[in-house]
Structures are given as C-alpha cells and as structure tokens.
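Residue numbers (my numbering): 945 to 1119.
Structural data, given as structure tokens:
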C-alpha cells in the first residue's frame, strides 16, 4: 500500500473526526484499536480474512467496541474494513495520530512500559522529553510485558531504550 494512500485515509479520518467535534478522542480510540489489533493474532487474522464477509468483520469490530469507543470511531474503523483497508489499520492509525499531533505543533512519543504510567509520571516524562528533543510531546503509553521493566520511548526516528530486557541482553553479550 502506498504511503500516499495511507496518508489520504488518515487525512479523511481527521477531517471527519474534527467535523464531529471530537478529533483527539477519535485519534486516540483508533490508535488504541490498532494496538489491540496488533497484539491479538486471532483478531488480526479474522479482521484481515477476506473469506469472511466484510459486513461480518465490521459487526465483530462494532461488537468489540460497543461502549468502549465513540460512534464516530466505530464508523471510521468499519469504513476502513469495508474499503478493504483492514490490513493497513495500524499504518493509518499511526498517520492519524502523527498528523493530528503535527496540527497541534507536537511530536508523538510512543512509550512502552510493563505498567501503566500515572499522570504525574507521564507529566514528568513529557517534560524530560521536551527538554531532550525541544518539542512538546503527546504520549501514547503502550503496555508491553516484554519490556520487563523500565521504558522504551520512540519519538519520531529516535529510540530511547531504558528497558530491563535490553540491559539483560547487553549483560549476556558482555559475558
């Protein structure tokens, strides 16, 4: 899939979301759905299975998100499935979040942690990232048990890896 087509879908989603008056909420919900989709091989296989009628795959998404996401988010995700873009939901969600943050003059920081971060921890991390990068950041915290401890932060093309997993790997390689 071309980057241009993915960006076009992302821009259309942002346009619809902002016309609904809840752009950042829709950005967040679509991003979170994409994360869930990436973490569940069974769900990903089902949503991407073209032998299952599109209407059935859309209904699965609607059932999953009922009460968990806005109607706008559910409708937009369903539209992506109907348009044959299910396999590109993660790439489109990343573009949606990136373009949305860019429109607010911010950078997106994906923060991988084994536990959810408190508001205070997020605020301190955002301040530290702003100092390090010179940019205001919007953080997307992703719970990832493989981190084991510490944090992995990806902001644009830069990766800051302070995870226990990486430290253990470095120790094994050193000895």
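Just so you know, even glycine gets a beta-carbon here, dropped at the ideal spot from N, CA and C.
Determine the extent of the beta strand (DSSP E) in which residue i is found, giving its start and end residues.
| i | result |
| --- | --- |
| residue 1057 | 1051-1057 |
What did DSSP end up calling residue i once you bin it into helix, strand or coil?
| i | result |
| --- | --- |
| residue 957 | helix |
| residue 1029 | coil |
| residue 1119 | coil |
| residue 987 | helix |
| residue 993 | coil |
| residue 946 | coil |
| residue 1062 | coil |
If we count the other Cβ atoms within 10 Å of its Cβ and call it buried at 16 or more, is residue i buried or exposed?
| i | result |
| --- | --- |
| residue 1119 | exposed |
| residue 1003 | exposed |
| residue 978 | buried |
Please name the residue or residues paired with residue i in a DSSP beta bridge.
| i | result |
| --- | --- |
| residue 1096 | 1056 and 1105 |
| residue 1081 | 1051 |
| residue 1086 | 1056 |
Can you tell me where the alpha helix (DSSP H) with residue i in it begins and where it stops?
| i | result |
| --- | --- |
| residue 1003 | 998-1009 |
| residue 1013 | Segment: none, residue 1013 is in no alpha helix (DSSP H) and carries neither H nor E. |
| residue 967 | 967-983 |
task = Report yes or no: do the segment 1052-1066 and the segment 1082-1099 share at least 3 C-beta pairs separated by less than 8 angstroms?
result = yes
query = Is the segment 966-976 touching the segment 1005-1021, taking contact as three or more C-beta pairs under 8 angstroms?
reply = yes
ask   = Is the segment 994-1001 touching the segment 1021-1032, taking contact as three or more C-beta pairs under 8 angstroms?
value = yes
ask   = Below 8 angstroms, can you find three or more Cβ-Cβ pairs linking the segment 951-971 to the segment 1036-1045?
value = yes
query = With contact counted as at least three CB pairs below 8 angstroms, one residue from each stretch, are the segment 1047-1054 and the segment 1073-1082 in contact?
reply = yes
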